[in-house]
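Asker: Numbering (the working numbering), first residue to last: 1 to 319. We put the CB at the ideal spot given by N, CA and C, even for glycine. Pasting a structure below so you can have a look.
Rendered as structure tokens:
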């Protein structure tokens, strides 16, 4: 990269991150034809058509596909930022920010949840169910307003990890290619990491996603408690519920932020037939989605502070 000294590369990465955050704050998602994650989703769908039907072969095929595609995605992003960095620092910051922004979103998560809240406030449960498709993959056809509210809040809580804290941490540790690799792994998990027809094809992707989210999910839970404390929420109650209920969910990671959210809000978060978090609390209503969004935004602010600290340490250590 053009420039000398660890402070130079640190300043470039800080500028890149802040620009990416600004882009996320003021601009909507990139249009589908130009969105790398959309390209990745189409690629995964095409690969899926080639998958064998027998369980052992499907597992090997799925694992190979994840390794090959994630490695290629990471190498391509590494090449792009390296070329930009050799050309000019402003190009590195602008190009890197645009690339990093495709790997995370705060605005998109909050806007999707807010759309559900507005529909519930208008008494349009049918529209609320349809808008939940942007947040959850569960069957929405029979959700009442309370269960729809719970689904939205659970998604906001869980996605504080997937949507921004984890990709920011990967950026802080491994640069833009780390964040892009994380998003590729997470996309594979969201598309293949399910039971049923994807049981073996997506098993490797699901376990790899669990591994890369292990630390970020726990950090996100603690950051959420910190965000609650700064806003006057009973963080000690959030901590108690998180410690007690974090293992109830099938995912080894999702329960941390969802149970922390349940405790902070004092609301019961339930996915029927799967889990109940904060079972002693009343069920949520639509307005609780707004509060959950505010907690997610507070978590993001604390996450930015954490990531900036990690960037300083990384650049200082590696010189």
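Would you call the region 81-94 in contact with the region 184-192, where contact means no fewer than 3 C-beta pairs closer than 8 Å?
Answerer: Because the criterion of three Cβ pairs below 8 Å is not met, the region 81-94 and the region 184-192 do not touch.
Asker: Go ahead and pull the three-state DSSP assignment for residue 154.
Answerer: One-based indexing of the chain shown puts residue 154 at position 154. Residue 154: helix per DSSP, three-state reduction.
Asker: Roughly how many angstroms separate the alpha carbons of residue 24 and residue 245, rounded to a whole number?
Answerer: To locate residue 24, count along the chain shown from 1; it is residue 24. To locate residue 245, count along the chain shown from 1; it is residue 245. Their backbone Cα atoms lie some 32 Å apart in a straight line.
Asker: May I ask you to report which of helix, strand or coil DSSP gives residue 269?
Answerer: Looking up residue 269 in the chain shown gives position 269. Strand, per DSSP.
Asker: Counting pairs of Cβ atoms below 8 Å between the region 111-127 and the region 218-237, do you hit three or more?
Answerer: Touching, no, given that fewer than three Cβ pairs across the two stretches are closer than 8 Å.
Asker: My guess is that residue 167 and residue 103 are in contact by the Cβ rule of under 8 Å, so how many angstroms apart are they, rounded?
Answerer: Translated into the one-based positions of the chain shown, residue 167 becomes position 167. Translated into the one-based positions of the chain shown, residue 103 becomes position 103. Indeed, because the Cβ distance is near 5 Å, the residues count as touching under 8 Å.
Asker: From which residue to which residue does the beta strand (DSSP E) around residue 275 run?
Answerer: Here the question's residue 275 lines up with position 275 in the chain shown. Note, residue 275: beta strand (DSSP E), 275-277.
Asker: Taking 8 Å as the threshold (C-beta atoms), are residue 221 and residue 205 in contact?
Answerer: To locate residue 205, count along the chain shown from 1; it is residue 205. To locate residue 221, count along the chain shown from 1; it is residue 221. No; because the gap between Cβ atoms is not below 8 Å, this pair is not in contact.
Asker: May I ask you to report which of helix, strand or coil DSSP gives residue 143?
Answerer: Stepping through the chain shown from its first residue, residue 143 is reached at position 143. Coil, per DSSP.
Asker: With 16 other CB atoms within 10 Å as the buried threshold, where does residue 235 fall?
Answerer: For this step, residue 235 is matched to residue 235 along the chain shown. With 16 or more Cβ atoms within 10 Å of its Cβ, residue 235 is classed as buried.
Asker: Would you tell me roughly how many angstroms separate the C-alpha atoms of residue 258 and residue 189, rounded to the nearest one?
Answerer: For the purposes of this step, residue 258 is taken as residue 258 along the chain shown, with counting starting at 1. For the purposes of this step, residue 189 is taken as residue 189 along the chain shown, with counting starting at 1. If you take the alpha carbons of residue 258 and residue 189, they lie about 19 Å apart.
Asker: Alpha carbon to alpha carbon, how far is residue 143 from residue 159?
Answerer: Counted from its first residue, the chain shown places residue 143 at position 143. Counted from its first residue, the chain shown places residue 159 at position 159. Near 21 Å, if we compare the C-alpha coordinates of residue 159 and residue 143.
Asker: Does the Cβ of residue 157 have 16 or more other Cβ atoms within 10 Å, making it buried, or fewer, making it exposed?
Answerer: As a first step, residue 157 is located in the chain shown; it is residue number 157 there, counting from the start. Classification for residue 157: buried.
Asker: Less than 8 Å between the beta carbons of residue 289 and residue 153, yes or no?
Answerer: Taking the chain shown and counting its residues from 1, one reaches residue 289 at position 289. Taking the chain shown and counting its residues from 1, one reaches residue 153 at position 153. Against a cut-off of 8 Å, the Cβ pair of residue 153 and residue 289 comes out as a contact.
Asker: Excluding five sequence neighbours on each side, which residues of the same chain lie with their C-beta closer than 7 Å to the C-beta of residue 107?
Answerer: Counting from 1 along the chain shown, the entry for residue 107 is found at position 107. Result list for residue 107: 24, 25, in chain order.
Asker: State the DSSP-derived secondary structure class of residue 194, mapped to helix, strand or coil.
Answerer: Looking up residue 194 in the chain shown gives position 194. If DSSP states are grouped into helix, strand and coil, residue 194 belongs with coil.
Asker: Exposed or buried, which one is residue 28 when buried takes at least 16 other CB atoms within 10 Å?
Answerer: Here residue 28 refers to the residue found at position 28 of the chain shown. Residue 28 is exposed by the Cβ-count criterion.
Asker: May I ask which residues mark the beginning and end of the alpha helix (DSSP H) holding residue 210?
Answerer: Residue mapping note: residue 210 aligns to position 210 of the chain shown, counting from 1. From DSSP, the alpha helix (DSSP H) with residue 210 extends over 203-212.
Asker: Leaving out the 5 sequence neighbours to the left and right, which residues in its chain are closer than 6 Å to residue 134 when beta-carbon positions are compared?
Answerer: Along the chain shown, one-based indexing puts residue 134 at 134. For residue 134, where only same-chain residues beyond five positions count, the Cβ hits under 6 Å are 112.
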